[in-house]
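Colleague:
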Amino acid sequence: MARGIGVLIGLSAAAFCQTPNLEGIWTNATVVPLERPANLKGKEFYTPEEAGENAKKVLGITSWERLGSQADVHYNMSQYGLDLSQVKIASTLRTSMIVGPDGRIPPLTSEAQKRAADRAAANRGHQFDSYENRPLQERCLIYSTEGPPMMPGAYNSNLQIIQSPGYVAILQEMIHSARIIPTDASPHLAANIRQWFGDSRGHWEGDTLVVDTTNFTDKNPFHGSSKDLHLIEKFRRLDAHTMLYEFTADDPSTWARPWTAQMTWTTVEGPLFEFACHEGNLGLPNTLSGARAAERAK
Amino acid sequence: MKAIVALLLMSALPVQAHHAFAAEFDIKRPIKLRGVVTKLDWINPHSWIHIDAKGPDGKVVAWMIEGGSPNALLRLGFTKDALPIGSDIVVQGFQAKDGSNRGVGQTVSFADGRKLFLGGSAPGANPEDIK
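Residue numbers (the working numbering), protein chains in the order written: chain A, 69 to 366; chain B, 1434 to 1564.
(1) Excluding the 5 residues flanking threonine 1540/B on each side, which residues of the same chain have their C-beta closer than 6 angstroms to its C-beta?
(2) Do glutamate 1499/B and tryptophan 1481/B count as a contact pair if the criterion is CB distance below 7 angstroms?
(3) Which residue from Lys287/A, Leu150/A, Leu108/A puts its Cα closest to that of proline 1503/B?
(4) Which residue's Cα is closest to the Cα of aspartate 1485/B: Ile1518/B, Lys1513/B, Lys1530/B, Gly1546/B?
(5) Taking only three categories from DSSP, how would you classify asparagine 224/A?
(6) Are the C-beta atoms of valine 141/A and some chain B residue less than 7 angstroms apart?
(7) With a threshold of 7 angstroms between beta carbons, is asparagine 224/A in contact with chain B?
(8) Note down, in chain order, every chain B residue with its Cβ under 8 angstroms from the Cβ of serine 357/A.
(9) At the level of alpha carbons, what is the spacing between alanine 1558/B and alanine 189/A?
(10) Between the Cα of aspartate 307/A and those of Thr335/A, Asp296/A, Ser294/A, spot the shortest distance and give me the residue it belongs to.
(11) From the DSSP output, in three-state form, read off tyrosine 235/A for me.
(12) Have a look at Pro174/A, Pro101/A, Glu117/A and flag the residue whose alpha-carbon is nearest the alpha-carbon of arginine 325/A.
(13) Establish whether the CB of phenylalanine 1458/B and some CB of chain A are separated by less than 7 angstroms.
(14) My output table needs one value for serine 1542/B: the three-state DSSP class, helix, strand or coil.
(15) By Cβ distance, which residues of its chain are closer than 8 angstroms to histidine 1452/B, with the 5 residues on each side in sequence left out?
(16) Is the distance from the Cβ of threonine 276/A to the Cβ of arginine 247/A below 7 angstroms?
(17) For alanine 368/A and tryptophan 264/A, I'd like the C-alpha separation in whole angstroms.
(18) Do you know whose CA, among Val278/A, Glu241/A, Ser198/A, lies nearest glycine 358/A's CA?
(19) Please report whether the beta-carbon of glycine 1501/B lies at a distance below 7 angstroms from any beta-carbon of chain A.
(20) So is threonine 213/A buried or exposed if we call it buried at 16+ other beta carbons inside 10 Å?
(21) What is the DSSP secondary structure of tryptophan 159/A, reduced to helix, strand or coil?
(22) Spatial neighbours of histidine 142/A within its chain, please: C-beta separation below 7 angstroms, excluding the five flanking residues on both sides.
(23) If you draw a straight line from the alpha carbon of proline 289/A to that of alanine 361/A, how long is it in whole angstroms?
(24) Is the beta carbon of methionine 242/A sitting closer than 7 angstroms to the one on glycine 1501/B?
(25) List the residues that DSSP assigns as beta-bridge partners of alanine 1486/B.
(26) Can you tell me whether DSSP reads tryptophan 264/A as helix, strand or coil?
(27) Am I right that tyrosine 148/A and leucine 1506/B are in contact with their C-beta atoms under 8 angstroms? What's the rounded C-beta distance?
(28) For alanine 36/A, which residues in the same chain have their Cβ closer than 7 angstroms to its Cβ, ignoring the five residues on either side in sequence?
(29) Establish whether the CB of threonine 1512/B and some CB of chain A are separated by less than 7 angstroms.
(30) Can you find the residues in the same chain that come closer than 6 angstroms, C-beta to C-beta, to glycine 1468/B, ignoring five residues on each side of it along the sequence?
(31) Would you give the residue range spanned by the beta strand (DSSP E) that lysine 341/A belongs to?
(32) Isoleucine 129/A and glutamine 228/A - do their beta-carbons sit closer together than 7 angstroms?
(33) Could you tell me whether any Cβ in chain A is nearer than 7 angstroms to the Cβ of alanine 1515/B?
(34) What residues are listed by DSSP as bridge partners for leucine 176/A?
(35) Out of Asn122/A, Thr332/A, Thr322/A, which one is the CA nearest neighbour of lysine 182/A?
(36) Using only the alpha-carbon positions, how far apart do alanine 1529/B and tyrosine 235/A sit?
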């Protein structure tokens, strides 16, 4: 028996040694929008000079300015080092994360439009009834950018990858969940088990980690997706400090065709700081007490 | 044209904050406070600065001021000690909608005018490097 375990461990360690190393602390902060701006239609890549110019233009607008009218009652993000111009950003020539000549998310199907309209109608007039009516990120449950696919947020766009035999774990700084991805050829969960982050299973194709995710819920749609979203993510380390992250989203009830986006990540110095969102979430009670005060004043 | 480009950029980049600030704070209740720091909650999703502010009648009132996530400042070496207890600060912002002595600190400065914290720039944030 002991010998059998020894052989298993030996095999597992050997297999692990041959897998590419994606470990590190990464940032996916970027100046590249998900969808290509209309004035760049058909132009998938900048020249290096244009990319530099674009970055200068984007970073020249502070979050304070980008927040627009919301900034009236917001703190100045630059004071807290949360502005995009204050963080490290990976280099890329892409004009949009979405690849291909169009660079846009395909239009929502009529079914997806109806789903979104029904959801909005159900919440209309009830947004402040209870904590359960507030967005998941305001409740510190999951963050809107956590995905999968994992998208950059407005700030703290950092994540850590840790590998062990049979598993890859990904911790995103926003806001606390670790994705534990088996790479042991195990099958997806049964179709009746649904999770906020879906069910991810990974395998290696050469130097690329391919992660297949299904079993989503209908509670945190990604750009209008349904619980039947099928997501394929690809992670490939280009050099010591650069990762190419790609995802393809396929959901026939939402989009007429699958679409693919690519992001370049770069390494940042650690450690990754714990976000611990829930314990200090005074904003949620303040928001609800504000709504109660507004009702009393009516 | 410049305005159109700026608008496109604004709509294309993520701007979402943790919560809807307009739901928590009241634009019709601007505040300007000067007070002494009594406590700093260096926490997520938002930091909170506690101050004792003296009103026009000389009465001291305790206020709590909401600010940003401390993670980025921690990464740049700023800790709780960046704002010592007893610091004399000035807060401009808006009061909570429920009328309590809580507010958002739109700008927060030391009494001598220096802004608090200020993250500075990280290596690699130089636009010239982004290609």
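Idealized CB from N, CA, C, for every residue including glycine.
Modeller: On the basis of the data shown:
(1) Cβ contact annotation for threonine 1540/B (same chain, cutoff 6 angstroms, sequence separation greater than five): Gln1525, in chain order.
(2) yes
(3) Per the Cα distances, Leu150/A.
(4) Ile1518/B
(5) coil
(6) yes
(7) Taking Cβ atoms only, chain B reaches closer than 7 angstroms to asparagine 224/A, which makes this a yes.
(8) Ala1529, Lys1530, Asp1531, Ser1533
(9) With a pLDDT of only 48 at alanine 1558/B, under the threshold of 50, the placement of this residue in the model should not be trusted; the figure read from the coordinates follows. Taking the straight line joining both Cα atoms gives about 42 angstroms.
(10) Thr335/A
(11) It is a strand residue.
(12) Pro174/A
(13) yes
(14) If DSSP states are grouped into helix, strand and coil, serine 1542/B belongs with the strands.
(15) Pro1478
(16) Cβ distance not < 7 angstroms, so threonine 276/A and arginine 247/A don't count as in contact.
(17) Any property of residue 368/A remains undetermined from this structure, which presents chain A solely from 69 to 366.
(18) Ser198/A
(19) Taking Cβ atoms only, chain A reaches closer than 7 angstroms to glycine 1501/B, which makes this a yes.
(20) buried
(21) What sits at residue 159/A in the sequence shown is serine, not tryptophan. The answer is coil: DSSP assigns serine 159/A none of H, G, I, E or B.
(22) Leu135
(23) 32 angstroms
(24) no
(25) Partner(s): Gly1468/B, Val1494/B.
(26) Correct three-state label for tryptophan 264/A: coil.
(27) With 8 angstroms as the limit, tyrosine 148/A and leucine 1506/B qualify as a contact, their Cβ atoms being about 6 angstroms apart.
(28) Residue coverage of chain A in this structure runs from 69 to 366, which leaves residue 36/A outside it and unanswerable.
(29) no
(30) Ile1484, Asp1485, Ala1486
(31) Here residue 341/A turns out to be phenylalanine, not lysine, going by the sequence shown. Premise fails: phenylalanine 341/A is in no beta strand (DSSP E) and is neither H nor E.
(32) no
(33) No Cβ of chain A is located within less than 7 angstroms of the beta carbon of alanine 1515/B.
(34) Leucine 176/A pairs with Trp323/A.
(35) Here the closest residue by C-alpha is Thr322/A.
(36) Distance from the CA of alanine 1529/B to the CA of tyrosine 235/A, rounded to the nearest whole angstrom, comes to 46 angstroms.
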